[in-house]
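Numbered per this note's numbering, the sequence shown spans residues 1 to 327.
From the three backbone atoms N, C-alpha and C, an ideal C-beta is built for every residue, glycine too.
Everything on this sheet refers to the single structure shown next.
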Amino acid sequence: MEQRAVGRSGLLVSRLGLGTLTWGRDTDEHEAADQLREFTDAGGTLVDTAASYGDGASETVLGSLLGTLVPREDVIVCTKAGVVRRHGVQEVDTSRRTMLAALDGSLRRLRTDHVDLWLAQAWHEDVPLEETMSALEHALRTGRARYVGFANYCGWQTARAATLLEAAGAGGLGGAGAVAAEVEFSLVQRGVEREVLPAAEALGLGVLAWSPLGRGVLTGKYRTGTPADSRAASPHLSGFVGVYLDGASRRVVDAVATAADGLGCSATEVALAWVRDTPGVASALVGARTASQLRASLASEAVELPPEIRLALAEVSAPQIGYPERF
1 MEQRAVGRSG LLVSRLGLGT LTWGRDTDEH EAADQLREFT DAGGTLVDTA ASYGDGASET
61 VLGSLLGTLV PREDVIVCTK AGVVRRHGVQ EVDTSRRTML AALDGSLRRL RTDHVDLWLA
121 QAWHEDVPLE ETMSALEHAL RTGRARYVGF ANYCGWQTAR AATLLEAAGA GGLGGAGAVA
181 AEVEFSLVQR GVEREVLPAA EALGLGVLAW SPLGRGVLTG KYRTGTPADS RAASPHLSGF
241 VGVYLDGASR RVVDAVATAA DGLGCSATEV ALAWVRDTPG VASALVGART ASQLRASLAS
301 EAVELPPEIR LALAEVSAPQ IGYPERF
């Protein structure tokens with residue numbers, strides 16, 4: 001699998017990453033092991049998790065496989081902090097205290113002394129951004145994280161956060177700063193093209209695209225209903241998928257299916273290839289419930305979309321972009 005630099009950094013990751021949102025909950029340790037083995041055998045290196053995924057269960061499962069199933073040095077581990085569960089309710093807390101405590105917990109569950117990439121998972125208006133960035137800076141300085149970045153930040157938030165970390169680097173970190181922006185990006189969710197992608201390009205950040213299959217909708221599995229074993233049928237993920245089960249998304253899904261038929265490949269392969277090869281994207285993160293589903297995503301490595309197909313899909317899924325992005 002092709003390896004790409006994350007932005008202007010020296011960090012290399014596979015252009016398809018393995019997402020682990022369901023590990024420890026819908027995906028047990030045996031199935032997770034099959035997925036990790038399938039992924040690394042295909043040349044994949046980037047594995048994405050978070051302290052909030054399954055309230056730590058995802059990291060626990062991944063940690064049990066690192067060093068046993070695959071060598072730790074063969075995997076680029078990306079995890080995130082800033083979303084916590086308190087009194088049964090999930091909330092955002094990006095305070096320095098909570099972020100660094102979360103990192104300590106992640107390292108314990110992952111059974112490692114460092115993560116390769118650590119991200120602030122969300123924005124919190126009540127916590128000064130300087131405080132959140134100080135946690136990332138501390139993780140870099142102490143070696144507990146090799147690289148840092150942000151997830152789910154809008155354009156101005158990304159720019160401000162990167163600027164703060166760049167200033168911290170100039171003050172003694174030897175130029176270390178943010179390298180990555182992880183955001184949702186697919187043919188049914190292209191909102192990041194308005195400001196985040198341009199900001200990432202200007203700042204030298206590599207984009208990690210989560211849910212490049214539109215939360216599973218772009219596979220075409222929901223064209224005739226909701227399969228009983230799908231995420232949309234899951235009590236805790238039905239709302240997550242349901243936002244893209246609308247008329248606008250259906251038109252995009254139909255276009256992807258038509259392109260797949262014409263190219264002799266699957267809708268999954270078409271949708272992934274479109275995101276993967278968008279300029280600025282370092283890696284498209286694919287999640288799967290089973291190893292066979294993951295195998296279908298990995299098959300996209302052999303697919304390169306003709307320019308006219310890319311353009312046609314871009315036109316049918318184009319987001320509204322006007323003032324002030326275009327002025």
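| Query | Result |
| --- | --- |
| Residue burial classification, glutamate 38 (beta-carbon count within 10 angstroms, cutoff 16) | buried |
| Distance between tyrosine 323 and glycine 220 (C-alpha atoms, nearest Å) | 34 Å |
| Cα-Cα separation between serine 266 and leucine 305, rounded to whole angstroms | 12 Å |
| Cβ contact check for the region 144-162 and the region 191-209: 3 or more pairs under 8 Å | yes |
| Cβ neighbour criterion (16 or more within 10 Å) applied to tryptophan 156 | exposed |
| Whole-angstrom C-beta distance between leucine 285 and glutamine 253, which should lie under 8 Å | The identity of residue 253 in the sequence shown is valine, whereas the question assumes glutamine. Not a contact, Cβ separation roughly 20 Å. |
| Enclosing beta strand (DSSP E) for glutamine 3 [first to last residue] | 3-5 |
| Isoleucine 338 in three-state terms, based on DSSP | A query on residue 338 cannot be resolved here, the shown segment of the chain reaching from 1 to 327 and no further. |
| C-beta atoms of valine 316 and alanine 257 nearer than 8 Å | no |
| DSSP state of phenylalanine 39 mapped onto helix, strand, coil | helix |
| Alanine 248 versus glycine 143 - alpha carbon distance | 46 Å |
| Minimum Cβ-Cβ distance from methionine 99 to chain B less than 8 Å | Protein chains in the displayed structure number just one, and chain B is not present. |
| Exposure label - glycine 239; buried when at least 16 CB within 10 Å | exposed |
| Through-space distance from alanine 81 to threonine 132, alpha-carbon basis | 10 Å |
| Integer Cβ distance of valine 207 from valine 183, believed to fall under 8 Å | 7 Å |
| Cutoff 6 Å; reference arginine 366; Cβ partners in own chain excluding five residues on either side | In this structure the chain extends from 1 to 327, so residue 366 is not present and cannot be described. |
| Buried or exposed by the 16-neighbour rule on C-beta atoms within 10 Å, applied to glutamine 320 | exposed |
| Simplified DSSP assignment, three categories, for tyrosine 222 | coil |
| For phenylalanine 240, the three-state DSSP class (helix, strand or coil) | helix |
| Helix, strand or coil at arginine 215 [DSSP, three-state] | coil |
| Close-in-space but distant-in-sequence residues of the same chain around glycine 105 (CB under 7 Å, 5 per side omitted) | Ala51 and Gly56 |
| Residue closest to tyrosine 222, alpha-carbon to alpha-carbon, out of Glu29, Arg141, Gly242 and Ser211 | Gly242 |
| Proximity test, serine 106 beta-carbon vs the ligand GTP heavy atom, cut-off 7 Å | The ligand GTP is not part of the structure shown, which contains no ligands of any sort. |
| Where leucine 294 sits in the DSSP three-state scheme | helix |
| Buried versus exposed call for glycine 88 [16 or more other C-beta atoms within 10 Å across all chains shown] | exposed |
| From Cys78, Ala42, His30 and Glu193, residue whose alpha carbon lies closest to that of tyrosine 53 | Cys78 |
| Test item: CB-CB of valine 13 and serine 283 under 8 Å | yes |
| Of the residues Asp93, Thr158 and Ser58, the one placed nearest arginine 109, counting alpha carbons only | Ser58 |
| Span separating the alpha-carbon of glycine 44 from that of arginine 295 | 12 Å |
| Alpha-carbon to alpha-carbon, threonine 94 and arginine 111 | 23 Å |
| Own chain, CB closer than 7 Å to alanine 178, minus 5 neighbours either side, in chain order | Val148, Gly149, Phe150, Ala161, Ala162, Leu165 and Leu205 |
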